[in-house]
Amino acid sequence: MSLDHASVPPVRTAQGPADPRAIYRSFVDELAADPDHEDLLDRMTDGHTPGEHGWCASPGHAAHWQRYPCSVVRLALLVTGTPVTPLQAAGPTPAAHPPARSA
Ligand SMILES: [Zn+2]
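Residues 551 to 653 in this note's numbering are what the sequence shown spells out, letter by letter.
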């Protein structure tokens, strides 16, 4: 499934465009309210581990490298209520160029 962002209208409230942070927070709250969220988060974060050079090792980021903890892991931390310190949010200092991935 592909989502064409250009065709998706912005979320609006009666007062105007919705705050993207509030939309994201409501998404996190919905996930946290799901009684099966731990199993979902386990499956979602499977393979998202810190690599040797500070990048997430998941092949799911093959087209877009992300420092660890990546956005998937940070979302899981938000859902579980685990505080993410600014240092964690920034992640370790990665190598300037991530190593080539082997297939
Ligand atoms: Zn990741």
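Even for Gly, the Cβ is constructed at its ideal location relative to N, Cα and C.
Per DSSP, cross-strand counterpart(s) of residue i
i      : result
Cys606 : Pro600
Gly566 : Thr563
Arg617 : Trp605
Terminal residues of the alpha helix (DSSP H) in which residue i lies
i      : result
Asp592 : 587-595
Distance between residue j and residue i (C-alpha atoms, nearest Å)
i      : j      : result
Tyr574 : Thr632 : 16 Å
Val634 : Gly566 : 31 Å
Arg624 : Glu602 : 19 Å
Leu627 : Ala582 : 10 Å
Contacts around residue i, its chain only, beta-carbon distance under 7 Å, and the 5 residues preceding and following it disregarded
i      : result
Thr563 : none
Beta-carbon contacts of residue i that lie in its chain and below 8 Å, excluding the five residues immediately before and after
i      : result
Gly597 : Ala607, Ser608, Pro609, Gly610
Around ligand 1, Cβ to any heavy atom closer than 5 Å, ordered along the chain: His598, Cys606, Ser608, Cys620, Val622
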